[in-house]
DNA sequence: GCTCTCTGCGCAAACGTTTGTTCGGTTACA
DNA sequence: TGTAACCGAACAAACGTTTGCGCAGAGAGC
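Protein chains in written order, with our numbering: chain A, 1 to 338; chain B, 1 to 338.
Structure below.
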């Protein structure tokens, strides 16, 4: 494939040594290059390099400098719109800074998490970004002890590891406040998987807001299931199988909300007539649904970008401060007051 | 980060040279290793390597062997469920074969396509997989001339380049036949972007099937727009603004179908009562929608896997044969006969 | 006229592998 | 017993960079 020029060929062509070419090409400005060569030589070398479309061989550079400029990213599943978007943010920021990324799915499976981590490490990534942290998991402790650099995105954990998340508790509060404000009193929550801080925090936020308004949510109104359409439908079906029915459902994920919408329709219940419905993330779909979905907009792409930046700070030895970005409520038809 | 052992430390520990360690570790079987060392030495070396968790440094290996075991993947957008799934297939197959992949979004923007290609090439990928080919584009011609190895997935192009696609024409035919069989006669098609073979072939397939049944689709019933919910809604709105209304809409993408559903509801039209609706890809959402969506299941993950395998064939110098995998129709409520 | 300090570059080593060649010592064979 | 063959391993070079050090020549300062 595409034959790549080396320092040697440029050196030969310009009558200098590879060292000199390297120094010139690695100096950003003309001025700093003058430290190493005459203006005339710089000209010649730069021109020759450009004409060959010279690009340093990353493997050689990596070998010599012991830096790979590689970052590893592990997510539950790239198919998931939310994590795909976060990853887009990561990759975008990484590219801007001259880093490249490897992504892998872990499916939230501990064995795959460990395997993926080892694979990435063996590829000599300089740091890792986990989008699949389990709130009470032991896995990260072991990683930290091995002195591996990493940050968390999307989810946080009980132990104190640097993370960039949406302020999910606040997001949940916004939803809770909105629901009481629109006259709902019996709220059920589809809380997602038990190990994901996202769902847990959103749930707690809603519970807190409702409590402050004098509404208490009993435990049986909080259902855990997968963060997708199927999980949402399944949870909603369990919920709707018993009386009394709630007058609102907060699905802590847009796709779960869509699944719930299907379950509601199956039982002849209308949204928002019989039951209000709220999602989370303001997915591209939310606004376009037959019944546009009230949801919480979270800065997914920004979470990714900041996550990468945080990791890079960490690699530079800078103190890494966890970040919690604020969400905003997006009100649509699915929570219209009756 | 994690200190990695080198051949040298294993050599020192076992009293041999790095060469010998390398040969032993690179022989798969005990038998083939005996070519290079005594059974006793092999034992010692293997044990030492294992105890250090030795993993060859990919940069050093790459430098020496001139092989990176890296594959570049360019997709329109990873946020898109379909391409994310295809990429999952690619990465899965790549990992199984000891390759790693870099993915990037091109947003179907020619400048970004070119830029991403150069970036990946400068990272020394051994081959490329394009998921964003433009049917009549000139870009790939230039790439091929530079002797870069690549394959296409999801979309094919007019020029003959190796590709792995869904048999989209067949998919379209299945839809066309189903629609006439369920009594629809005036079918509109949301055909996606004009440069994507997926939408074009699906459209043509449907047109052909309907024609065979004596139904002809006039050009104004074929609308082009983005392959997502917003595009689907926009196209549907243009469609519904004029009389007479069609009695069926074939959205060549599930998300576009969801957008169309929204537009239909806005006008008080029911699915399938007033208008039948068909999607494409059998996205995870299709079955869980309030009105479950009739759609065409395409083997997305398999397309990714086969794409990678095809590329690897190409790299080995094997004759590369384009592949067209068959889809299947999945009938749901959205096309119930009136 | 002597040393001193720049300027502009070359030299060489090193990063961790892989792989062709060499080499000393046994063993087999005639 | 001399020679050929083989076994088990070492040696060395190379992949493309980066970077500490050295060095020749020119100009400056005394």
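All C-beta atoms in this analysis are idealised placements derived from N, C-alpha and C, irrespective of residue type, glycine included.
Predicted model only: the values in this text are computed from it and were never measured.
- Counted as a single uninterrupted DSSP element, the stretch harbouring residue 298 of chain A is not any beta strand (DSSP E), since DSSP gives it neither H nor E.
- Among the residues of chain B, none has a CB under 9 angstroms from the CB of residue 280 of chain A; the nearest is roughly 16 angstroms distant.
- Leaving aside the five residues that flank residue 210 of chain B on each side, the residues in its chain whose CB is nearer than 8 angstroms to its CB run, in chain order, 176, 179, 180, 187, 216, 217.
- Contact between the segment 289-309 of chain A and the segment 13-23 of chain B is absent: fewer than 3 CB-CB pairs across the two stretches fall below 8 angstroms.
- Interface with chain B (8 angstroms Cβ-Cβ cutoff): residue 285 of chain A is included.
- Looking at the DSSP output, residue 67 of chain B bridges to nothing.
- About 29 angstroms separates the beta carbon of residue 70 of chain A from that of residue 158 of chain A, a gap too long to meet the 8 angstroms contact definition.
- Around the CB of residue 169 of chain B, 16 or more other CB atoms lie within 10 Å, so the residue is classed as buried.
- The beta-carbon separation of residue 200 of chain B and residue 135 of chain B, rounded to 6 angstroms, stays under the 8 angstroms limit for a contact.
- Note: residue 188 of chain A is bridge-paired with A:249 in the DSSP secondary-structure output.
- Residues of the segment 253-266 of chain A with a Cβ closer than 8 angstroms to any Cβ of chain B, in chain order: 255, 258, 259, 261, 262, 264, 265.
- The residue among B:276, B:75, B:140 with its C-alpha nearest the C-alpha of residue 304 of chain B is B:75.
- Remark: C-beta atoms of residue 248 of chain B and residue 227 of chain B do not approach each other more closely than 8 angstroms.
- In this chain, the alpha helix (DSSP H) harbouring residue 264 of chain B covers 254-266.
- Taking a C-beta cut-off of 9 angstroms against chain B, the contacting residues of the segment 92-109 of chain A are 92, 95, 100, 101, 102, 103, 104, 105, listed in chain order.
- In the three-state DSSP reduction, residue 273 of chain A falls in the coil class, being neither helix nor strand.
- Interface flag for residue 48 of chain A against chain B is unset, since no Cβ pair is found closer than 8 angstroms.
- Across the segment 136-152 of chain B, CB contacts with chain A closer than 7 angstroms involve 146, 147, 148, 149, in sequence order along the chain.
- Here the alpha carbons of residue 328 of chain A and residue 298 of chain A stand approximately 7 angstroms from one another.
- For the pair of segments examined, the segment 260-268 of chain A was found to touch the segment 232-251 of chain A: the number of CB pairs separated by less than 8 angstroms reaches three.
- Residue state for residue 283 of chain B is assigned as coil, using DSSP reduced to three classes.
- Boundaries around residue 139 of chain B are those of the alpha helix (DSSP H), 139-145, since no beta strand (DSSP E) includes it.
- Residues of the segment 62-74 of chain B with a C-beta less than 8 angstroms from any C-beta of chain A: 62, 63, 68, listed in chain order.
- Restricting attention to A:196, A:219, A:197, the CA atom closest to the CA of residue 207 of chain A is found in A:219.
- A contact between stretches requires three or more CB pairs, one per stretch, nearer than 8 angstroms, and the segment 50-59 of chain B fails this requirement with the segment 103-115 of chain B.
- Shortest Cα-Cα distance from residue 214 of chain A to any of A:184, A:198, A:156, A:189 involves A:184.
- By the Cβ criterion, the segment 320-338 of chain A is in contact with the segment 159-167 of chain A, since at least three pairs of Cβ atoms, one from each stretch, lie closer than 8 angstroms.
- Its Cα nearest to that of residue 283 of chain A, the residue A:80 stands out among A:241, A:80, A:9.
- Scanning chain B for C-beta atoms nearer than 8 angstroms to the C-beta of residue 123 of chain A yields 58, 100, reported in chain order.
- Residues of the segment 227-242 of chain A whose Cβ lies closer than 7 angstroms to any Cβ of chain B, in chain order: 228, 229, 230, 233.
- When rounded, the separation of the alpha-carbon atoms in residue 273 of chain A and residue 307 of chain B is 48 angstroms.
- In terms of beta-carbon proximity, residue 126 of chain A lines the interface with chain B, with at least one pair separated by less than 8 angstroms.
- Straight through space, the alpha carbons of residue 174 of chain A and residue 286 of chain A are spaced by roughly 17 angstroms.
- With a cutoff of 8 angstroms on beta-carbon distance, residue 93 of chain A and residue 288 of chain A are scored as not near each other.
- In the three-state reduction of the DSSP assignment, residue 306 of chain B falls in the helix class.
- Residues of the same chain with a CB within less than 6 angstroms of the CB of residue 72 of chain A, apart from the 5 flanking positions on each side, are 102, 120, 125, 128 in chain order.
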